[in-house]
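J.:
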Amino acid sequence: MAQSEESPVRYLSPEKNGKFCRSRGLCCRSADDDPPQPFEPETGRSTQSASSLTEAMEQSTASSTAMQPMSLPGSSSPARARSTHLAGAGTGAGAADILLPPAQCIPEEGPWTRSETSPATISLDSPAYAVTTNNPLIYTLEDNKNRTAHNMGLCAEQDTDLLESFRSVIMNEQDGVSADIIQIGVGDPKRSIPPVHFNLLHDEFQPADDRAKARASETIETMVDPHGPALVCLFFQHVHPVYHIVSKNRFLQLYAADRFQIPASLRGAIYGIGSMFWQHLPKQASGEEKGTLQFDLHDLFEEAHSSLQREFHAPNLWKLQACLLLLYERPADNATIETPRTWILSAHTVACAQMIGLHRDSTDWNIAPWEKKLRKRLWWATYNADIWSSVCHGNPPLIYPGSFTTTELDGECLVFDEDLPVEFHHLVDNSSKGVDVSTGARFEQMIKLDRILHRLIDSYYSDACHAASMAQPLRREEDLLDIHTKLEEWASMMPQCTTMAFSQQSPSYNNNGMASMKPYPGHTFSTYPPAPLNLSFFAVQALLYRALMSPAKMSAKSEPTSSLRRHFPHAITSFQKFTQFMSGITQPCLKAYWGGHARSQLTLCGNFLIYLFLLASTPSQVHAAFGLLESFHESLQRLRGWADDDASLALVRPVALRIDSFFIQAARIMRTGMESRVRVGSDLVAS
Numbered sequence: 001m002a003q004s005e006e007s008p009v010r011y012l013s014p015e016k017n018g019k020f021c022r023s024r025g026l027c028c029r030s031a032d033d034d035p036p037q038p039f040e041p042e043t044g045r046s047t048q049s050a051s052s053l054t055e056a057m058e059q060s061t062a063s064s065t066a067m068q069p070m071s072l073p074g075s076s077s078p079a080r081a082r083s084t085h086l087a088g089a090g091t092g093a094g095a096a097d098i099l100l101p102p103a104q105c106i107p108e109e110g111p112w113t114r115s116e117t118s119p120a121t122i123s124l125d126s127p128a129y130a131v132t133t134n135n136p137l138i139y140t141l142e143d144n145k146n147r148t149a150h151n152m153g154l155c156a157e158q159d160t161d162l163l164e165s166f167r168s169v170i171m172n173e174q175d176g177v178s179a180d181i182i183q184i185g186v187g188d189p190k191r192s193i194p195p196v197h198f199n200l201l202h203d204e205f206q207p208a209d210d211r212a213k214a215r216a217s218e219t220i221e222t223m224v225d226p227h228g229p230a231l232v233c234l235f236f237q238h239v240h241p242v243y244h245i246v247s248k249n250r251f252l253q254l255y256a257a258d259r260f261q262i263p264a265s266l267r268g269a270i271y272g273i274g275s276m277f278w279q280h281l282p283k284q285a286s287g288e289e290k291g292t293l294q295f296d297l298h299d300l301f302e303e304a305h306s307s308l309q310r311e312f313h314a315p316n317l318w319k320l321q322a323c324l325l326l327l328y329e330r331p332a333d334n335a336t337i338e339t340p341r342t343w344i345l346s347a348h349t350v351a352c353a354q355m356i357g358l359h360r361d362s363t364d365w366n367i368a369p370w371e372k373k374l375r376k377r378l379w380w381a382t383y384n385a386d387i388w389s390s391v392c393h394g395n396p397p398l399i400y401p402g403s404f405t406t407t408e409l410d411g412e413c414l415v416f417d418e419d420l421p422v423e424f425h426h427l428v429d430n431s432s433k434g435v436d437v438s439t440g441a442r443f444e445q446m447i448k449l450d451r452i453l454h455r456l457i458d459s460y461y462s463d464a465c466h467a468a469s470m471a472q473p474l475r476r477e478e479d480l481l482d483i484h485t486k487l488e489e490w491a492s493m494m495p496q497c498t499t500m501a502f503s504q505q506s507p508s509y510n511n512n513g514m515a516s517m518k519p520y521p522g523h524t525f526s527t528y529p530p531a532p533l534n535l536s537f538f539a540v541q542a543l544l545y546r547a548l549m550s551p552a553k554m555s556a557k558s559e560p561t562s563s564l565r566r567h568f569p570h571a572i573t574s575f576q577k578f579t580q581f582m583s584g585i586t587q588p589c590l591k592a593y594w595g596g597h598a599r600s601q602l603t604l605c606g607n608f609l610i611y612l613f614l615l616a617s618t619p620s621q622v623h624a625a626f627g628l629l630e631s632f633h634e635s636l637q638r639l640r641g642w643a644d645d646d647a648s649l650a651l652v653r654p655v656a657l658r659i660d661s662f663f664i665q666a667a668r669i670m671r672t673g674m675e676s677r678v679r680v681g682s683d684l685v686a687s
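For the sequence shown, the UniProt record's numbering begins at 1 and goes up steadily by one.
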């Protein structure tokens, strides 16, 4: 059908003819094969061109060979060529001639393509791409200057199967390209796997946002100057082994070359968390004092958050790492309940990860192997943040089993980008120069534990599932016992370097790994045991026993066959190990990095000990439960005596206040009933 004069088809002027195709890595037939046609007014050509386009589309439909993918040199399997639609190139060429370049054309260099290369071998000041005729085309979704790749899911603005055959760029009013669509996965119809596409957008933001980001970046660097490199070193020494999310090699290479190329949010987060361990920084080799930090930590984190809010316009792997770190800024000194801000920020983190497609299996994508490994590791870090944030606030997790296809972690993902080239050794301490096997092992075990926890939460701690499971008590208990078996298997199959029993063989320890285990050739072990991992295990155990012994009503104490009575002895035995764990925490371990959810996990375990004491049904059970509470209380008193820094105090204070409050109020509440409870805001305990 011909176009009406009221809505004419727009054409490029002759001087632009061919430049667009070449800029996109395509051979322009209209410019290379045919002489330029005289420019005609739009109204005089709209009918003719629209008719030609219609005829061309009919021809392309009739001929199945017109839309075949281009074979890339050196590729063992055909790959889809990027297609570009340029409405009315001014030559009358058919649409089949415009949609795809001829098979003999080799794509020219584009900012989103490069040959497959390890990130460690790429110079930071060299181009981020290099297409050759000897390697298959490899896309990069990350190293595109001033461009950001956004995931296009199955419900995106255009059908993913149609995009496999026809993809057009989005042009603005000045005939410039605002966005492109690239295909990085051809899919597999036999396995019902759809093609995968990303929107590649030019980073064009409001000037006010650009100014705000620049201001935050300068402010952050001014605040930490001249201690920025020292704070980075402290972060990788104390935090990275426990919270294994930052791409160490890539970060340090870029930091050494031009730190301002790293998002201000990530730099601010690393500076801020690293500053919590300033007291551990040794004196200068010359004997000079290390100096003092002059900035307010809260102000530093606020600058990082301010920048991150603007950076959300263009999410990428760097900014996701910032999200994951900023979740765990130091809490307020007077905080006794986890702030809702943590839960809200975890939602931002999940959204950022999904926006860049981390929830999709990238195994068969045409992207560099290092990018696949980092994407997988960061997805599971997001998974970890989501499930524990949900537990800390009693909310359903945002990620559910059907929301992702990302495959499980493997060894390559865990040690990737950890071994530093010699020229960057001066940026870190000796323990951070190479690969720490125990760091990867702990991260892998944490994710396995998270998946067990996720099954428990999905099945028994959502309102709908709770009601359904309580209606079928036998089925409920059978499923819960299966989860219990999985949890016990997890504990029994932990690598030796991740167990507290092995850690106690080390003369000194923190929370990161072991010292006395012989490492594999070329690898090292850090000198700390995995206290945060073990604490996570006890927190999952507490939630599991609460589900097994539900409903926790006083009437169940007198029912010999109730779930409470049947599982109570096992819970007491299991949490004897928890109190032993607490007794074994030393002062260096307390002052190490515990991760972002240790406070809530410790609170869960402390409250479960109160649960056991109040629900004990026999004198012997009461005695055993009170013994656990007493031992835990003594450990907390000892730890509070050591907590002379803000981070340690923030870890212990919430659960210590709960246990102290229980001992003060328990006898009165049990004697006079719930009416004697303290009201919020009152100054005195009711009698």
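Using N, Cα and C, we set each Cβ at its ideal position, and we do this for glycine too.
Note that the structure is predicted; figures quoted are calculated from it, not measured.
1. Here's the rule I'm using: 16 or more other beta-carbon atoms within 10 Å means buried, otherwise exposed. How should aspartate 143 be labelled?
2. Please name the residue in Gln621, Cys352 and Trp343 whose C-alpha comes closest to that of asparagine 316.
3. Could you name the residues that DSSP lists as bridge partners for glutamine 183?
4. Use the C-beta contact count for methionine 549: other C-beta atoms within 10 angstroms, 16 or more gives buried, fewer gives exposed.
5. Are the stretch 246 to 258 and the stretch 423 to 434 touching, with three or more C-beta to C-beta distances below 8 angstroms?
6. For threonine 405, which residues of its own chain have a beta-carbon under 8 angstroms away from its beta-carbon, when the five flanking residues on both sides are left out?
7. Which two residues bound the contiguous alpha helix (DSSP H) that contains threonine 363?
8. Could you tell me which whole alpha helix (DSSP H) segments of length 4 or greater appear in the stretch 302 to 371?
9. Identify the continuous alpha helix (DSSP H) that holds residue 743 and give its terminal residues.
10. Provide the residue(s) that pair with aspartate 188 in DSSP beta bridges, ordered along the chain.
11. Excluding sequence positions up to five away, which residues of its chain have a Cβ less than 8 angstroms from the Cβ of serine 648?
12. Helix, strand or coil for glutamate 488? Go by DSSP, reduced to three states.
13. Quick one: using the 10 Å Cβ neighbour count with 16 as the cut-off for buried, is threonine 618 buried or exposed?
14. Here's the rule: buried if 16 or more other CB atoms are within 10 angstroms of the residue's CB, otherwise exposed. What is methionine 554?
15. Any heavy atom of the ligand FAD inside 8 angstroms of the beta-carbon of arginine 638?
16. Tell me which same chain residues have a C-beta within less than 7 angstroms of the C-beta of isoleucine 367, skipping the five on either side of it?
17. Could you compute how far the alpha carbon of serine 558 sits from the alpha carbon of valine 232?
18. According to DSSP, is serine 247 part of a helix, a strand, or is it coil?
19. Quick one: measure Cβ to Cβ for valine 267 and arginine 259, integer angstroms, because I've assumed they're closer than 8 angstroms.
20. When DSSP labels each residue in this structure, what does alanine 149 get in the three-state scheme?
21. Where does histidine 280 land, buried or exposed, given buried means 16+ other C-beta within 10 angstroms?
22. Go through its chain and collect everything with a Cβ distance to histidine 393's Cβ below 8 angstroms, but skip five positions before and after it.
23. State the beta-bridge partners of histidine 202 as determined by DSSP.
24. Using only the alpha-carbon positions, how far apart do arginine 671 and glutamine 665 sit?
25. Among Ile669, Gly595 and Leu636, which has the Cα closest to the Cα of methionine 582?
26. What residues are listed by DSSP as bridge partners for isoleucine 170?
27. So asparagine 151 packs on histidine 202, CB below 8 angstroms; how close in whole Å?
28. By Cβ distance, which residues of its chain are closer than 6 angstroms to valine 415, with the 5 residues on each side in sequence left out?
29. Can we say the stretch 261 to 275 touches the stretch 177 to 195, given the rule of at least three CB pairs closer than 8 angstroms?
30. Considering only the beta carbon of each residue, do leucine 487 and leucine 409 sit closer than 9 angstroms?
31. With H, G and I counted as helix, E and B as strand and the rest as coil, what does DSSP make of isoleucine 138?
32. Would a C-beta distance cut-off of 9 angstroms place alanine 264 and alanine 304 closer than the cut-off?
33. Tell whether a beta-carbon distance below 9 angstroms holds between glutamine 321 and serine 247.
34. Among the residues of its own chain, which have a CB less than 6 angstroms from the CB of alanine 468, if the five just before and after it don't count?
35. For phenylalanine 547, which of Ser459, Tyr243, Tyr400 and Ser536 has the nearest alpha-carbon?
36. Once you ignore the five residues that flank arginine 658 on each side, which residues in its own chain have a CB closer than 7 angstroms to its CB?
T.: Taking the structure as given:
1. If you number the sequence shown from 1, residue 143 lands on position 143. Aspartate 143 should be labelled buried.
2. Numbered from 1 along the sequence shown, position 316 holds the residue referred to as residue 316. With distances taken between Cα atoms, asparagine 316 lies closest to Cys352.
3. Here residue 183 corresponds to residue number 183 of the sequence shown, with the count starting at 1. Paired residues: His197.
4. Position 549 of the sequence shown, counted from the start, is the residue given in the question as residue 549. Methionine 549 comes out buried.
5. yes
6. As a working note, residue 405 is residue 405 in the sequence shown. Excluding residues within five positions, the ones whose Cβ falls inside 8 angstroms are His359, Arg360 and Asp361.
7. Counted from its first residue, the sequence shown places residue 363 at position 363. Element bounds for threonine 363: n/a, residue is neither H nor E.
8. 317 to 326 and 340 to 355
9. One cannot answer for residue 743 here, as it falls past the ends of the chain, which runs 1 to 687.
10. Position 188 of the sequence shown holds residue 188. Per DSSP, Ile193.
11. Position 648 of the sequence shown, counting from 1, holds the residue named residue 648. Answer for serine 648: Leu590, Lys591, Leu639 and Trp642, listed in chain order.
12. As a position in the sequence shown, residue 488 is number 488, starting the count at 1. Reduced to three states, the DSSP call for glutamate 488 is helix.
13. To locate residue 618, count along the sequence shown from 1; it is residue 618. Looking at its Cβ environment, which holds fewer than 16 other Cβ atoms inside 10 Å, threonine 618 is exposed.
14. As a first step, residue 554 must be located in the sequence shown, where it is residue number 554. Label assigned to methionine 554: exposed.
15. No copy of the ligand FAD appears in this structure; indeed no ligand is present at all.
16. Locating residue 367 in the sequence shown gives position 367, where the first residue counts as 1. If we look at isoleucine 367 and ignore the five residues flanking it on each side, its Cβ neighbours are Ile138, Tyr139, Thr140, Leu141 and Ile184.
17. As a working mapping, residue 558 is identified with position 558 in the sequence shown. As a working mapping, residue 232 is identified with position 232 in the sequence shown. Going from the Cα of serine 558 to the Cα of valine 232 covers about 58 angstroms.
18. Numbered from its first residue, the sequence shown carries residue 247 at position 247. Looking at serine 247 - three-state DSSP - the assignment turns out to be coil, as it is neither helix nor strand.
19. Translated into positions along the sequence shown, residue 267 becomes position 267. Translated into positions along the sequence shown, residue 259 becomes position 259. According to the sequence displayed, residue 267 carries arginine and not valine. Going by Cβ atoms, the distance from arginine 267 to arginine 259 rounds to 6 angstroms, so yes, they are a contact pair.
20. The count along the sequence shown starts at 1 and reaches residue 149 at position 149. Of the three classes helix, strand and coil, the one that applies to alanine 149 here is strand, per DSSP.
21. Translated into positions along the sequence shown, residue 280 becomes position 280. Histidine 280 is exposed by the Cβ-count criterion.
22. Counting from one through the sequence shown, the residue named residue 393 turns up at place 393. So the list reads Glu338, Pro340, Thr342 and Trp343, once near-sequence residues are dropped.
23. Position 202 of the sequence shown, counted from the first residue, corresponds to residue 202. According to DSSP, histidine 202 bridges with Arg147.
24. Position 671 of the sequence shown holds residue 671. Position 665 of the sequence shown holds residue 665. Going from the Cα of arginine 671 to the Cα of glutamine 665 covers about 10 angstroms.
25. Here residue 582 refers to the residue found at position 582 when the sequence shown is read from its first residue. Among Ile669, Gly595 and Leu636, the Cα nearest to that of methionine 582 is on Leu636.
26. Within the sequence shown, residue 170 is the residue found at index 170, counting from 1. Isoleucine 170 is bridged to Ala179.
27. The residue labelled residue 151 in the question sits at position 151 within the sequence shown. The residue labelled residue 202 in the question sits at position 202 within the sequence shown. Going by Cβ atoms, the distance from asparagine 151 to histidine 202 rounds to 17 angstroms, so no, they are not a contact pair.
28. Residue 415 sits at position 415 when you count from the first residue of the sequence shown. Around valine 415: Val435 and Gly440.
29. no
30. Reading the sequence shown from its first residue, position 487 is the one you call residue 487. Reading the sequence shown from its first residue, position 409 is the one you call residue 409. No, they are not a contact pair.
31. What you label residue 138 is simply residue 138 of the sequence shown in a count that begins at 1. Of the three classes helix, strand and coil, the one that applies to isoleucine 138 here is strand, per DSSP.
32. Locating residue 264 in the sequence shown gives position 264, counting from the first residue. Locating residue 304 in the sequence shown gives position 304, counting from the first residue. In contact: alanine 264 and alanine 304 (Cβ atoms closer than 9 angstroms).
33. As a working mapping, residue 321 is identified with position 321 in the sequence shown. As a working mapping, residue 247 is identified with position 247 in the sequence shown. Cβ distance < 9 angstroms, so glutamine 321 and serine 247 count as in contact.
34. Within the sequence shown, residue 468 is the residue found at index 468, counting from 1. Closer than 6 angstroms at the Cβ level, and outside the excluded window around alanine 468, lies no residue.
35. Translated into positions along the sequence shown, residue 547 becomes position 547. This sequence places alanine at residue 547; phenylalanine is not what is there. When only C-alpha atoms are compared, the closest one is Ser459.
36. Here residue 658 refers to the residue found at position 658 of the sequence shown. Thr603, Gly606 and Asn607, listed in sequence order.
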